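Enquirer:
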Amino acid sequence: MFTSLFLLGCIDFSGGGPSTDKIKIIGEEKSPNGKFIATSFSCSGGGAAGYFYFNANLRKAGEKLDQRDGLLGKHKTWNAFSDIKVKWIDDKTLEVSCKQTDSPDYRENNAVKVESKHGIKIHYKVE
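Under the numbering used here, think of the first position of the sequence shown as 236, with each following residue one higher.
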């Protein structure tokens, strides 16, 4: 009995988290004035439960990418969007194009999209 309890105490139930996520940059564009960076990326992690998702991020130049600060979706770790592309129209306008899951289960999640960040207007093209 003691051996069983000891072994159970050594199992890691943490499941990872943002610090153990694996991020792959798909596309990255600097704003025309060089002050901002828009990135499309994929992220996987979560240990045994696991997750994989695509999203986009807008940040000031020089800042580190925060994979949980996505532009798309109410729940940032849901895999509701794909084929995400970022394109600057001008210094104050970013275009994000993507495909999204049309399942009724995703309707509330997909309705949330960041409209403006750091004074940049974000325009979405959903295919």
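Each residue gets a CB set at the ideal place from its N, CA and C atoms; glycine is no exception.
None of the values given here were measured: they were computed from a predicted structure.
My parser needs the alpha helix (DSSP H) runs of 4 or more residues fully inside the stretch 293–358; what are they?
Expert: You should have 342–345.
Enquirer: Taking all protein chains shown into account, do 16 or more other C-beta atoms lie within 10 angstroms of the C-beta of S266, making it buried, or fewer, making it exposed?
Expert: The residue is buried, with at least 16 neighbouring Cβ atoms inside 10 Å.
Enquirer: Taking a contact to mean a Cβ-Cβ separation below 9 Å, would you say E343 touches K322 in this structure?
Expert: No, these two residues do not count as a Cβ contact at 9 Å.
Enquirer: Using three-state DSSP, classify S266 as helix, strand or coil.
Expert: Of the three classes helix, strand and coil, the one that applies to S266 here is coil, per DSSP.
Enquirer: Check the DSSP bridge columns for S277 and list the partner residues they point to.
Expert: Looking at the DSSP assignment, S277 forms a beta bridge with K259 and F289.
Enquirer: For K356, I'd like the list of residues in its chain whose CB is within less than 8 Å of its CB, leaving aside the five on either flank, ordered along the chain.
Expert: Correct list, in chain order: K327, T328, L329 and E350.
Enquirer: Can D304 and N292 be called in contact, C-beta distance under 9 Å?
Expert: Yes, the pair counts as a contact, with Cβ atoms nearer than the cut-off.
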